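Asks: Numbering-wise, this note's numbering comes out as the position in the sequence shown, counting from 1, plus 118. Using N, Cα and C, we set each Cβ at its ideal position, and we do this for glycine too. Just so we're clear, the structure is a prediction, and the values are computed from it rather than from any experiment. My questions all concern the structure below.
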Amino acid sequence: MLALALAACSSAPVQRAAIVPVPTPESPNTLVVVNSNSRDSLAVGSYYAKRRGIPFANVVTVEVPEEEEIDRETYRAKIENVVQDATLGKNIDYIVTTKGVPIRIKEGGWAVDAFLTTMSTDFLPLSGPNPDAIRKNINPFFGKKEGFSHNATGLYLTCRLDGYSVDDAKALVDRSIEAKPSDGPFLFDMADNRRDGGFGELQRSLPRAADLVKARGKQVTLDTEKPFVVPEAPLAGYVSWGSNDNAFKLDAYRRLKFQPGALVETFVSTSGRTFRPTTGGQSLIVDLIAQGVTGVKGYVSEPYVFALARPEILFDRYLSGSNLAESFYAASPVVKWKDVVIGDPLCRPYGKR
Numbered sequence: 119m120l121a122l123a124l125a126a127c128s129s130a131p132v133q134r135a136a137i138v139p140v141p142t143p144e145s146p147n148t149l150v151v152v153n154s155n156s157r158d159s160l161a162v163g164s165y166y167a168k169r170r171g172i173p174f175a176n177v178v179t180v181e182v183p184e185e186e187e188i189d190r191e192t193y194r195a196k197i198e199n200v201v202q203d204a205t206l207g208k209n210i211d212y213i214v215t216t217k218g219v220p221i222r223i224k225e226g227g228w229a230v231d232a233f234l235t236t237m238s239t240d241f242l243p244l245s246g247p248n249p250d251a252i253r254k255n256i257n258p259f260f261g262k263k264e265g266f267s268h269n270a271t272g273l274y275l276t277c278r279l280d281g282y283s284v285d286d287a288k289a290l291v292d293r294s295i296e297a298k299p300s301d302g303p304f305l306f307d308m309a310d311n312r313r314d315g316g317f318g319e320l321q322r323s324l325p326r327a328a329d330l331v332k333a334r335g336k337q338v339t340l341d342t343e344k345p346f347v348v349p350e351a352p353l354a355g356y357v358s359w360g361s362n363d364n365a366f367k368l369d370a371y372r373r374l375k376f377q378p379g380a381l382v383e384t385f386v387s388t389s390g391r392t393f394r395p396t397t398g399g400q401s402l403i404v405d406l407i408a409q410g411v412t413g414v415k416g417y418v419s420e421p422y423v424f425a426l427a428r429p430e431i432l433f434d435r436y437l438s439g440s441n442l443a444e445s446f447y448a449a450s451p452v453v454k455w456k457d458v459v460i461g462d463p464l465c466r467p468y469g470k471r
């Protein structure tokens, strides 16, 4: 059934050049998850597998409703058990979920991708923002500088290819492959109303990240003024408070542009709550996908500040030669929570360590 479905997707008329595989040494260690009930998922999964030279045996089909939310029992039976079985006998380090695979578990608002990341471990879902619960779910890869392996951590670094459209999701793959080392610009945009408490800790991380990137000879702007900044030039990296900035303007946010290879974090609680057109609510990372990011982290429901990616770690790892997945996960303090990482995990424009 999968072969027929993938063949049907790949034979459909598209406005693209012939697919040229660009595998990496990690391609055989990558598992792709597609939903047989979603034409979008099949199309994105097929494209990614071909573009990155993923072995056909590493494409696993689940069969669930094409909804963004799924109940926990159905998730376990129809997604986790199927994906877990597909890893047997394989040396899998990375999992790629695709547009049309649910993003959120109904009970608890946890991220599907976060559950897949820890499915071979004893981690329980993080229960909330109390110190004891957080300590139990510290990410074993947090802050690490070495290359990732499932065997060393028990984790699978899970990333998602998603967007408003199939073309947006496919473009994440294309930009990953097109990405080259960049001298900038990088923008770290502070918010005047986010200086205290847990917000203050993240606010202070922005100058540290800017100094680190500048020390590598990159063009960096650390914005400390009130206007919500939109540079004319496409960005190589970006961190801001998004709609949590009291100077935020949606039209300005939607004018941000990015170079192939650009990574982004926005300190916004529900930035990954949907990848479908909607109105109202907090700023969304799906807009940034349409505007050209290559990798971005979001949150499918309220994560609290303790879970947000630390930009000084994110960009240190990425500019040191870690791939997209290693960089985001090394920067993420906890596991089995609300996190979703968007992009091709194998993107590595700054070369091997």
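1. Alpha carbon to alpha carbon, how far is Q400 from N362? Give it in angstroms, no decimals.
2. State the start and end residues of the unbroken beta strand (DSSP E) segment that holds R278.
3. For the putative contact between S294 and D189, defined by C-beta atoms under 8 Å, what is the C-beta separation to the nearest angstrom?
4. Span of the beta strand (DSSP E) holding A232?
5. Do K217 and S164 come within 8 Å of each other at the CB atom, strictly closer than that value?
6. In terms of residue numbering, what span does the beta strand (DSSP E) encompassing N153 cover?
7. On the criterion of 16 or more Cβ atoms from any shown chain inside 10 Å, does T342 qualify as buried, or is it exposed?
8. I'd like the span of the alpha helix (DSSP H) that includes E319, first residue to last.
9. What separation, rounded to the nearest whole angstrom, lies between the Cα atoms of N311 and N364?
10. From this set, T271, S267, V291 and A270, which residue's C-alpha is nearest R278's C-alpha?
11. From what residue to what residue does the alpha helix (DSSP H) around P249 run?
12. Ends of the alpha helix (DSSP H) at V201?
13. Buried or exposed for R466, please, with buried defined as at least 16 other CB atoms from any protein chain shown within 10 angstroms of its CB.
14. Identify whether L402 lies in helix, strand or coil by the three-state DSSP scheme.
15. From the DSSP output, read off the bridge partner residues of L305.
16. So, for G226: in the same chain, excluding its five sequence neighbours on each side, which residues have a beta-carbon less than 8 Å away from its beta-carbon?
17. Check P429 in the structure and name its three-state DSSP category.
18. Sort I407, T271, N441 and N199 by Cα distance to L464 and report the nearest one.
19. Exposed or buried, I172, counting other C-beta atoms within 10 Å across all chains shown (16 or more means buried)?
20. Should the region 408 to 426 be called in touch with the region 325 to 334, which here means at least 3 C-beta pairs below 8 Å?
21. Does the pairing of the region 147 to 154 with the region 204 to 216 give three or more beta-carbon distances under 8 Å?
22. Between which two residues does the alpha helix (DSSP H) carrying L381 extend?
Replies: So, to answer that:
1. Along the sequence shown, read from residue 1 onward, the residue named residue 362 stands at position 244. Along the sequence shown, read from residue 1 onward, the residue named residue 400 stands at position 282. Going by the C-alpha atoms only, they are around 8 Å apart.
2. Taking the sequence shown and counting its residues from 1, one reaches residue 278 at position 160. Looking at the DSSP string, the run of the beta strand (DSSP E) that includes R278 is L275 to L279.
3. The count along the sequence shown starts at 1 and reaches residue 294 at position 176. The count along the sequence shown starts at 1 and reaches residue 189 at position 71. Not confirmed; about 33 Å, so no contact.
4. If you number the sequence shown from 1, residue 232 lands on position 114. A232 -> not in any beta strand (DSSP E); alpha helix (DSSP H) instead, spanning V230 to T235.
5. Translated into positions along the sequence shown, residue 164 becomes position 46. Translated into positions along the sequence shown, residue 217 becomes position 99. Going by C-beta atoms, S164 is not nearer than 8 Å to K217.
6. Locating residue 153 in the sequence shown gives position 35, where the first residue counts as 1. Per DSSP, N153 belongs to the beta strand (DSSP E) from T148 to N153.
7. Walking along the sequence shown from the start, residue 342 turns up at place 224. Exposed: under 16 other Cβ atoms inside 10 Å.
8. As a position in the sequence shown, residue 319 is number 201, starting the count at 1. Unbroken alpha helix (DSSP H) run through E319: G315 to A333.
9. Residue 311 sits at position 193 when you count from the first residue of the sequence shown. Residue 364 sits at position 246 when you count from the first residue of the sequence shown. Cα to Cα, the separation comes out at about 6 Å.
10. If you number the sequence shown from 1, residue 278 lands on position 160. The shortest Cα separation from R278 among T271, S267, V291 and A270 belongs to V291.
11. The residue you call residue 249 lines up with position 131 of the sequence shown. First-last of the alpha helix (DSSP H) with P249: P249 to K254.
12. Start at 1 with the first residue of the sequence shown, and residue 201 comes out as number 83. Looking at the DSSP string, the run of the alpha helix (DSSP H) that includes V201 is N199 to T205.
13. Translated into positions along the sequence shown, residue 466 becomes position 348. Buried, because 16 or more other Cβ atoms sit within 10 Å of the Cβ of R466.
14. In the sequence shown, residue 402 corresponds to position 284, counting from 1. Looking at L402 - three-state DSSP - the assignment turns out to be coil, as it is neither helix nor strand.
15. Here the question's residue 305 lines up with position 187 in the sequence shown. Looking at the DSSP assignment, L305 forms a beta bridge with T339 and Y356.
16. Sequence index remark: in the sequence shown, residue 226 carries index 108 (1-based). Contacts found: R190 and P243.
17. For this step, residue 429 is matched to residue 311 along the sequence shown. If DSSP states are grouped into helix, strand and coil, P429 belongs with the helices.
18. Translated into positions along the sequence shown, residue 464 becomes position 346. The option with the nearest alpha carbon to L464 is N441.
19. The count along the sequence shown starts at 1 and reaches residue 172 at position 54. I172 should be labelled buried.
20. no
21. yes
22. Working through the sequence shown from its first residue, we reach residue 381 at position 263. Where L381 is concerned, there is no enclosing alpha helix (DSSP H), although the beta strand (DSSP E) it sits in stretches over F376 to T384.
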